[in-house]
Every structure is written in C-alpha cells, then in structure tokens.
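Here's the structure, in structure tokens; my notes come after.
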Amino acid sequence: MVAATIPSRRNSRFFLIPVAALAWLVLAGCANAPYTGRKQVLMVSPQQEQTLGYQAFADIRRHSTPAKDPALQARVKAVGERIARAADRPDYHWEFVVFQDDKMANAFCLPGGKVGIYTGLFKYIHNDDDLATVISHEVAHALARHAGERLSQARIAQAGGLALGIGLAALGVGSGASQVAMQGYGLGAKVGVLLPYSRVQESEADRIGLILMAKAGYDPKSALQFWERFATGKQDKSQIPQFLSTHPSDASRIQNIRTFLPEAERYYAARR
602 MVAATIPSRR NSRFFLIPVA ALAWLVLAGC ANAPYTGRKQ VLMVSPQQEQ
652 TLGYQAFADI RRHSTPAKDP ALQARVKAVG ERIARAADRP DYHWEFVVFQ
702 DDKMANAFCL PGGKVGIYTG LFKYIHNDDD LATVISHEVA HALARHAGER
752 LSQARIAQAG GLALGIGLAA LGVGSGASQV AMQGYGLGAK VGVLLPYSRV
802 QESEADRIGL ILMAKAGYDP KSALQFWERF ATGKQDKSQI PQFLSTHPSD
852 ASRIQNIRTF LPEAERYYAA RR
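The opening position of the sequence shown corresponds to residue 602 in the working numbering, with each subsequent residue numbered one higher.
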C-alpha cells in the first residue's frame, strides 16, 4: 500500500508564491484597446514592441523583393498615409511597401507602423476603397498593440506553466504524472487562451479598421464587398474548426462587419 502524500504548509506557501507573482503581473499590465475599450494585458513597453517591429521589418526587406511598379508603390503609399493620419500616431515611423509575390495574398503591419502588402493580394483589390480596407485592418493591429498583447499572453502562459511545475513539485506529484499535467496545460493554454485571443484581435482589427478608413474618407461599406470577394476567391478551402483557427471563419467575419458598419458609417458621415 502506498501512503498518500500530504503537502506541508511550507510547500503550499511555496506553491502560492509564483501564483501571486503571476496575478500581480497580470494586474500591473492592464490596459484598454482604442475605440473598443477592450481590456488588455500588456507586459511589454511600446518602445520594446516598436523596436521588435523595426527589426522584423528590416529582416523582411532583406529577404523579400519590392514590387518594381512605381505607380503601385505610390498608390499604396498615398492610401496608407491617409490611413496613418487617421490613426494619429505621430510616434510611429510609418512605411508602406509592396512586395513582389503573386502567390502570397497577404498583408501585415508590424509594431511601429511598418506595413507590407504582397502583390498576390491585388487580384482581390479593385479600387482604393478596397486597398484602404486592407491597410486599415493591418494598421488597426498596430494601433491596438496586438503584437504586444500576444507577447504578453505568451509570457503569462510560460509563467503559468512554471507555476504549475513548481506547484506539482511542491505537492510531491511524481514526474510521470507531472509531465502529463504539463502537456495538458500547454494544450489548454494554446486552445483556451492564445488562439481565442487571436480571433478576438482579428475581429477587433476589423472594427477599428472600418473606423480608420471612414475617418480617412474611404467608404466603409466597400469593406464588406472586399471580404466577401476575398472569402469566395481563397484557394485554401480547408475547413479548420473555428475553435482551432487563429482567424474567425469567413461567415463570422462578414457577419461581424455587418454589425460594425453602422458605427463606422457615423464616422464617415461626420467627415463628409
């Protein structure tokens, strides 16, 4: 017969130390996203976040080829600068670059305002309103500091795993059971925290992006047409369950945009 292991008070106190530290970190990093007011946990400074963004953009530029069409580069820069003025972040070093890759239908905005669009996306972009839809969505990610939020979530997940490991050791849990528990924690953190927050961020970027393009003088209703066209034309038709996806489903995104449009249209009407 194996005697049950009874945790000592000392071990219990030892277990509570990392838990209390984790809770303090979360409370200390509370912030609010612009326009939506959503509560965020941000444990990196804006300066740290922007430095990482500038470094990443420099790396992308080293390994990518800019599009050779000067008219296309100028068009993207002109639309991007209007969106940047609406974003009202003079501390960002805004830059808008088109990269040559006809197979890549994607765009990004790194912390600090570094925006890239791949030529493959232009088969869905029919006019400047469509282009503004893409740029404003990406700029919204930077404006809401989504990269810093994801970095913070990763740190919290790591700290939570460390706290669990210390707690299991303090409670005398065997190494085999401890390993299984830690693996289960990792899966739970990814599915239960990191991925859902990414979907929240994508939806939030849609909402903020609509506002930004409206403030810049672009018709937000065109965003609905663009995303419907993009959803129809995507070659990747794999049906990943939404709870395992980092993006909302196409149907969810389009429905959310319909919900967000009246708010954006008020900004658009106020500008006209």
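Glycine included, every Cβ here is placed at the ideal spot set by N, Cα and C.
Shown here for residue 851: same chain residues with a beta carbon closer than 7 Å to its own, the five before and five after excluded, namely 832 in chain order.
Comparing alpha-carbon positions, the option among 693, 674, 819, 815 lying closest to residue 713 turns out to be 693.
Here residue 710 is buried, its C-beta having at least 16 other C-beta atoms within 10 Å. Here the C-alpha atom of residue 753 lies approximately 14 Å from the C-alpha atom of residue 651. The three-state reading of DSSP puts residue 868 in helix, counting H, G and I together.
Residue 811 and residue 865 have their C-alpha atoms roughly 6 Å apart. Judged by pairs of C-beta atoms under 8 Å, the segment 646-663 does not touch the segment 674-687, as fewer than three such pairs exist.
Collapsing the DSSP output to three states places residue 816 in a helix. In this structure, the straight-line span from the alpha carbon of residue 858 to that of residue 660 is close to 33 Å.
In this structure residue 666 is exposed. Its beta-carbon is surrounded by fewer than 16 other beta-carbon atoms within 10 angstroms.
By the criterion of at least three beta-carbon pairs nearer than 8 Å, the segment 631-648 is not in contact with the segment 699-707. Distances from the alpha-carbon of residue 834 to those of 746, 722, 678 put 722 closest.
The Cβ neighbour count for residue 715, taken over all protein chains shown within 10 Å, is at least 16; the residue is labelled buried. For residue 717, the uninterrupted beta strand (DSSP E) run begins and ends at 715-719, by DSSP. Under a 10 Å Cβ-count criterion, residue 648 is classified as exposed, with fewer than 16 other Cβ atoms of the shown protein chains found around its own Cβ.
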